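Accompanying notes for the structure given below.
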Amino acid sequence: MKKLDKKIDYLIVGQGLSGTCFAWRSYFGNKTFKIIDKENSFSASKASVGIYNPITGRKYNVTWNVDKLFYELKCFYKKVEKKLNQKLLYEKNIFRPFKGNNEVNDWNIRLASKKYLKFCEKINDDGVLTNTSGYLDVNKFLLSSKKYFDNLRRYKSENFDKTKLKIKKNYFSYKNEEFKYVIMCTGISEKKINLFKDIKLNGVSGNSIIVKSKIGNDSIINKGINILPIKKNVYHIGSTYYHNMKDEGPDELVSKTKNLIKEDISLIDSKFGIRSTSKDRRPIIGEHNKIKKLFIMNAMGSKGVSQAPYCSKKLFNYINEDKNIDKEINIDRYRS
1 MKKLDKKIDY LIVGQGLSGT CFAWRSYFGN KTFKIIDKEN SFSASKASVG
51 IYNPITGRKY NVTWNVDKLF YELKCFYKKV EKKLNQKLLY EKNIFRPFKG
101 NNEVNDWNIR LASKKYLKFC EKINDDGVLT NTSGYLDVNK FLLSSKKYFD
151 NLRRYKSENF DKTKLKIKKN YFSYKNEEFK YVIMCTGISE KKINLFKDIK
201 LNGVSGNSII VKSKIGNDSI INKGINILPI KKNVYHIGST YYHNMKDEGP
251 DELVSKTKNL IKEDISLIDS KFGIRSTSKD RRPIIGEHNK IKKLFIMNAM
301 GSKGVSQAPY CSKKLFNYIN EDKNIDKEIN IDRYRS
């Protein structure tokens, strides 16, 4: 009689945006999995404002692979919403106030290009209103997913202990369980865990704040910072960007907000997180160079909301259907 294989398909280490998205991919793909995660005080996902935006950066570049990323994020989060019976994803326009006449001219030049024009709602002397944008309630997404998977006994709150991960022939054992694959979704903590020695991750810290104010604006305001209305007279504002791993506090954001709006603000909360980024600012997805079936999904940077659904799909399909991972996000780009 053939012995039943009781191995769990995936050990998912980390329950930020990357780990949670891959867990949902596994769930919808009828695969078994176990998530292990211990909340830390510097999680980038938990400090995220959660905005997805087709035009980003100081130079207002169109996001890489924007059409595929944004199609996937909407399909993915809507599917999770339906399963959890909760609203998670909100569509909102982004208003970018102009700093001067030069910026008006620059935008008029950009909008002569189709790749910009399709994201523009309207433009006037005050600024430009862009569409195909919005935000994910990241904390609600993470907490609701955690609760759902915990009820299925697929989540365990504990620190990952690298010494307990044993490499067997064609599988892994971790403590008292056996797994076919291990998916490392640990963000900046990978620097300490150090299973993937051939990649370099950079830590970029940032703060966001929640304030009370009578700004009276329904769109996201973007001018150096993002001012996101989350409910009546309450706004989530972020984020700062420091090339270190220190909590610099809310002062810079409070100051920038006061310079941008006329209304008084009252600080409700301050959040801190450390983003994990790569040298080329693209995600890192793929298999360990020596340990087969050990994978990484990391370096989402400040675009985790839009990149994690797409990257989790690419990784899941690579493992299960042998489909290629885009060269721009494939870990192999560091090995050539």
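For the sequence shown, the numbering used here begins at 1 and goes up steadily by one. Note that the Cβ used here is the ideal one computed from N, Cα and C, for glycine as well. Predicted, not measured: the structure shown is a model, and the values here were computed from it.
Under the three-state reduction of DSSP, Ile261 is assigned to coil, being neither helix nor strand.
For Thr277, the pairing in a beta bridge is given by DSSP as Asn202.
Rounded to the nearest whole angstrom, the C-alpha separation of Gly134 and Lys197 is 36 Å.
As summarised for the stretch 135 to 211, the continuous beta strand (DSSP E) elements at least 3 residues long and confined to that stretch are 155 to 157, 165 to 168, 171 to 174 and 177 to 184, given in chain order. The straight-line gap separating the alpha-carbon atoms of Lys78 and Leu136 is approximately 11 Å. For Ser43, the pairing in a beta bridge is given by DSSP as Ile274. Sixteen is the threshold: when 16 or more other Cβ atoms of the shown chains lie within 10 Å of the Cβ of Arg25, as they do, the residue is buried. For Phe95, the enclosing beta strand (DSSP E) covers residues Ile94 to Pro97. In this structure, Lys214 lies away from Glu287, with their beta-carbon atoms at least 7 Å apart. Here Ala112 is exposed. Its C-beta has fewer than 16 other C-beta atoms within 10 Å. A straight line joining the alpha-carbon of Val13 with that of Lys99 spans about 44 Å. By a beta-carbon distance limit of 8 Å, Asn259 does not contact Gly29. Their separation comes to about 48 Å.
Around the beta carbon of Asp37, 16 or more other beta carbons lie within 10 angstroms, which makes this residue buried.
Relative to Lys175, the option among Asn289, Tyr181, Leu165 and Lys200 whose CA is nearest is Leu165. Secondary structure note for Ile225: it is in no beta strand (DSSP E), with a DSSP letter that is neither H nor E. Taking a contact as a CB-CB distance under 8 Å, the pair Ile230 and Val211 does not count as one, their CB atoms being some 10 Å apart.
As DSSP reads the structure, Ser312 sits in no beta bridge. Contact between the stretch 194 to 208 and the stretch 239 to 249 is established, with three or more Cβ pairs separated by less than 8 Å.
Take the alpha-carbon of Val104 and the one of Arg110: they are about 10 Å apart. Note on geometry: alpha-carbon atoms of Thr186 and Asp125 lie some 45 Å from one another.
Sorting Ile325, Ser48, Asp269 and Phe141 by C-alpha distance to the C-alpha of Leu89 places Phe141 at the top. Pairing Leu11 with Val128 gives a Cβ-Cβ distance that is not under 7 Å. Selection Gln15, Leu17, Asp9 and Phe22 evaluated against Ser312 yields Phe22 as nearest (Cα-Cα).
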